[in-house]
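For what it's worth, the numbering used here labels the leading residue of the sequence shown as -5, then goes sequentially. Shown next, in C-alpha cells, is the structure this report addresses.
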Amino acid sequence: MSASSVPHPVDTPMGPLPGGLRLGARIRAALDAVGPSGLRAAIQAFLLGPEHFRAFRLLAKVEPMLLFPQDRASLSDLDRMLVEPGDIYAHLPTLFRLTRDGPRPRVLELGTRSGDSTLALLLAAKAIGGRVTSVDIEPCPEATARVKAAGLAPHWTFLLSDDLGLPWRDPIDHLFIDTSHRYEHTLEELRKFEPFVVPGGVITLHDTTSHPEVWRAVESYFRGRSDIEVYRYFHNNGFTVAEKRG
Ligand SMILES: C[S@@+](CC[C@H](N)C(=O)[O-])C[C@H]1O[C@@H](n2cnc3c(N)ncnc32)[C@H](O)[C@@H]1O
C-alpha cells in the first residue's frame, strides 16, 4: 500500500479531530441533536461525531438489546445464543423453527465455521430425533467443542470436505448453505444438493444481502420453478428461504 493510500486517522469518523472541519461537523451534529433530544444527546453527538451518532441512534431504535444486554443466567440454551450478537444471530430462530416445526429431521449444513448455525440446527434436530450433517473445508474445532459442550454430539456428523467433492445420495429435509458466497460455487451447490431435498423440504441460504452473488445464484437457479416458494429477509446480512411444495 502506498503512503498516499494509507487512511489518515482524521479520515475515520472516530479519529482525532482534523482541526476546524471535523470540529465544525461535531458541533453542528450536537446543535442538531440538542433541540429534539436534549443535552445528553448533544454531548453524545459531539463526542461520537455525526456518522457514529447516527449509527448509535439507529441501534437504539432497531436493536436496543445490543445496548441493554439481557440477563443471560435465566435464558435457555437457544435463547442465550439468540442474544449473543453475531453475523447470523437474528436468523437462528428461523433455522431452528424451520427444522423443528417442519418437522425436518434430515439436515445438511454446508459451511460450519464456529458453529452458530450448527447449534441452532442441532437443538432443533434433538427436539425431533433428527440429525445434522455439517460440511466444511476447515476442521472447525470451535464448532466441535461447542457441540460437545452442549451435549449435542450424538445428533451430529461433521465431514471435513469440499462440499462439491462430497459423494451424496441421501434425502434432505433442510439444506442450509453458508460457504464461499461466490455465484458459481453457490449455483453448483444448488445443482448438486437441491435435487435431494424432498417435497415439503426447505433450502435456506445466509448472506443474501451482504453477498449479492448468493442472491443472484438463488434467482438464477429457482427461476421458473413452480414447486418452489422463495422468501427473503434483508437484515443481519440477509437470509433466504426456498420452500419446496409438498
Ligand atoms: C460464513 S462461514 C459459515 C458460518 C456458519 N454457518 C456459522 O453460522 O457460524 C463459511 C464457512 O464455509 C466454509 N467453506 C467455504 N468454502 C467451502 C466449500 N467449498 N466446502 C465446504 N465448506 C466451505 C469455510 O471454511 C467457512 O468455515
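Think of the CB as a built atom: it goes at the ideal place given N, C-alpha and C, for glycine as much as any other residue. Only a predicted model underlies this, so the values are computations on that prediction, with no experimental measurement involved.
Residue environment: A139 is assigned as exposed (fewer than 16 neighbouring CB atoms within 10 Å of its CB, all protein chains considered). Taking the Cβ of I166 as the reference point, every heavy atom of ligand 1 lies at 7 Å or farther away. When DSSP states are grouped into helix, strand and coil, V28 belongs to the helix group. Straight across, the Cα-Cα distance linking F40 with A118 is about 46 Å. V212 is positioned such that its CB atom lies no closer than 8 Å to that of E237. By the Cβ criterion, the stretch 126 to 138 is in contact with the stretch 107 to 116, since at least three pairs of Cβ atoms, one from each stretch, lie closer than 8 Å.
Assigned with DSSP and collapsed to three states, H85 falls in helix. Between the alpha carbons of L69 and L17 lies a gap of roughly 44 Å.
For D71, the enclosing alpha helix (DSSP H) has its first and last residue at D71 to L76. The residue from I21, D71 and V77 with its alpha-carbon nearest to that of P58 is V77.
Here the distance from the Cβ of I131 to the nearest heavy atom of ligand 1 is below 7 Å. The continuous beta strand (DSSP E) containing I222 extends over residues I222 to Y227. Take V208, set aside five residues on each side of it, and the residues of its chain with a beta-carbon closer than 7 Å to its own are H175, T180, L199, D201 and T202, in chain order. Distances between the C-beta of S204 and the heavy atoms of ligand 1 are all 7 Å or more. Classified as buried, Y215 has 16 or more neighbouring CB atoms from the shown chains inside 10 Å of its CB.
Between ligand 1 and D221, a heavy atom-to-CB distance of less than 7 Å is absent. Per DSSP, R163 is not a residue of any alpha helix (DSSP H), being assigned neither H nor E. Between R239 and P193, the C-beta gap is smaller than 8 Å, which places the two residues in contact. Here the C-alpha atom of L61 lies approximately 23 Å from the C-alpha atom of D26.
It is roughly 28 Å from the alpha-carbon of D65 to the alpha-carbon of I122. For D130, the uninterrupted beta strand (DSSP E) run begins and ends at R125 to D130, by DSSP. Sorting H85, R20, T173 and H229 by C-alpha distance to the C-alpha of R107 places T173 at the top.
Contact check for V191 against L169 passes: the beta carbons are separated by less than 8 Å.
Taking every protein chain shown into account, the CB of E178 has fewer than 16 other CB atoms within 10 angstroms, so this residue is exposed. Less than 8 Å divides the Cβ of L92 from the Cβ of R98. Relative to ligand 1, the beta carbon of D71 is positioned no closer than 7 Å to any heavy atom.
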